[in-house]
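S.K.: To convert, count from 1 in the sequence shown and add 25; that's the working numbering. Have a look at this one.
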Amino acid sequence: MARLASTSIGDAATGPATCTSSASGGRLPFSFSEMAGYKVRLDASTPDPDLELQQCIVCGKRPEPGQRLKVCQFCVREVSPRYCSDACLKQHFQQGRHNKAMCRLGKQLYDGEPLRGNRHAVRMVLNWMSEDVFFKQQRQKQEAIRQAIEEHSRQPTEVPIEVQLDVHVKTFDTNRLFCVAALGIDSENIDYAKHRPPPGTGPIICD
Numbered sequence: 026m027a028r029l030a031s032t033s034i035g036d037a038a039t040g041p042a043t044c045t046s047s048a049s050g051g052r053l054p055f056s057f058s059e060m061a062g063y064k065v066r067l068d069a070s071t072p073d074p075d076l077e078l079q080q081c082i083v084c085g086k087r088p089e090p091g092q093r094l095k096v097c098q099f100c101v102r103e104v105s106p107r108y109c110s111d112a113c114l115k116q117h118f119q120q121g122r123h124n125k126a127m128c129r130l131g132k133q134l135y136d137g138e139p140l141r142g143n144r145h146a147v148r149m150v151l152n153w154m155s156e157d158v159f160f161k162q163q164r165q166k167q168e169a170i171r172q173a174i175e176e177h178s179r180q181p182t183e184v185p186i187e188v189q190l191d192v193h194v195k196t197f198d199t200n201r202l203f204c205v206a207a208l209g210i211d212s213e214n215i216d217y218a219k220h221r222p223p224p225g226t227g228p229i230i231c232d
């Protein structure tokens, strides 16, 4: 189960922090001028993430009752942006926001570790989902992830199951840095089929 955070290369704060907190008298992690590139993902006013997934990525149009949005024929269906028409799909390509190289990268990320199966994370990497919507989607899954961890810890096995945290810093062939925190299971005797992660959180990697 993988979680993702990102920053643009060169945008991260580099200088020493100088600002202090008048309320606590303590020193903040960074000054106001160093906050560029950092965002707080707890804004309740962000768009409904489920609503965004049901509308055209180009014009925002939602499908009529009984109709479905179109997907790119070259993309993995789970990862592809949604379009209301061929015209919007073509416009997305012409704007440089979608191309066959991105289609291939999307499939590579969706099928490989550490983002395997996490369609929202792959979309965010490719800029096909806003960061605010992505993190709101992930927050909705936190309770399911917690329950999954507790369930795995209760599984009767001859060999103890250890849940381990793996942290990866990658660019995924983009101009951004992504930090991926992934949970893995370290056990010699484990039935992978019985350990399915919550949908949309990526795989549980068994070593």
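In this text, a Cβ means the ideal position worked out from N, Cα and C, and glycines have one as well. Since the model is a prediction, treat every value here as computed from it, not as a measurement.
#1: My assumption, with CB atoms under 8 Å, is that residue 88 sits in contact with residue 109. Please give the rounded CB distance.
#2: Does the count of Cβ pairs from the segment 123-136 and the segment 159-177 closer than 8 Å reach three?
#3: Exposed or buried, residue 113, counting other C-beta atoms within 10 Å across all chains shown (16 or more means buried)?
#4: In chain order, what residues of the same chain have a beta carbon less than 7 Å from the beta carbon of residue 134, not counting five sequence neighbours either side?
#5: Round the Cβ separation of residue 123 and residue 97 to the nearest angstrom and send it over; I've been treating them as touching at under 8 Å.
#6: Tell me the rounded alpha-carbon separation between residue 78 and residue 192.
#7: For residue 95 versus residue 111, is the C-beta spacing smaller than 8 Å?
#8: Starting from residue 161, follow its DSSP beta bridges and name the residues at the other end.
#9: On a Cα-Cα basis, can you pick out the residue from 176, 152 and 143 that is closest to residue 201?
#10: I need the DSSP call for residue 128, collapsed to helix, strand or coil.
#11: Would you report the Cα separation of residue 161 and residue 143, rounded to the nearest angstrom?
#12: Work out the CA separation of residue 80 and residue 132 for me, nearest whole Å.
#13: Mind checking which residues open and close the alpha helix (DSSP H) that includes residue 118?
#14: Using the Cα positions of residue 205 and residue 195, report the straight-line distance between them to the nearest angstrom.
#15: With DSSP collapsed to three states, give me the class of residue 145.
#16: Let's test the definition: count the other Cβ atoms within 10 Å of the Cβ of residue 163 and tell me whether it reaches 16, buried, or not, exposed.
#17: Reducing DSSP to helix, strand and coil, say where residue 80 ends up.
#18: Taking the CB atoms as reference points, tell me whether residue 82 and residue 102 lie closer together than 8 Å.
M.R.: The short version:
#1: 7 Å
#2: The answer is no - the segment 159-177 does not touch the segment 123-136, with fewer than three Cβ pairs under 8 Å.
#3: Result: buried.
#4: 140, 147, 150 and 197
#5: 7 Å
#6: Straight-line Cα distance between these residues: approximately 28 Å.
#7: For residue 95 and residue 111, yes; Cβs fall inside 8 Å.
#8: Partner(s): none; residue 161 has no beta bridge.
#9: 152
#10: Residue 128: helix per DSSP, three-state reduction.
#11: Cα-Cα distance, rounded: 14 Å.
#12: 22 Å
#13: 111-119
#14: Answer to the nearest angstrom: the Cα atoms are 8 Å apart.
#15: helix
#16: Label assigned to residue 163: buried.
#17: Residue state, collapsed to three classes: coil.
#18: Pairing residue 82 with residue 102 gives a Cβ-Cβ distance that is not under 8 Å.
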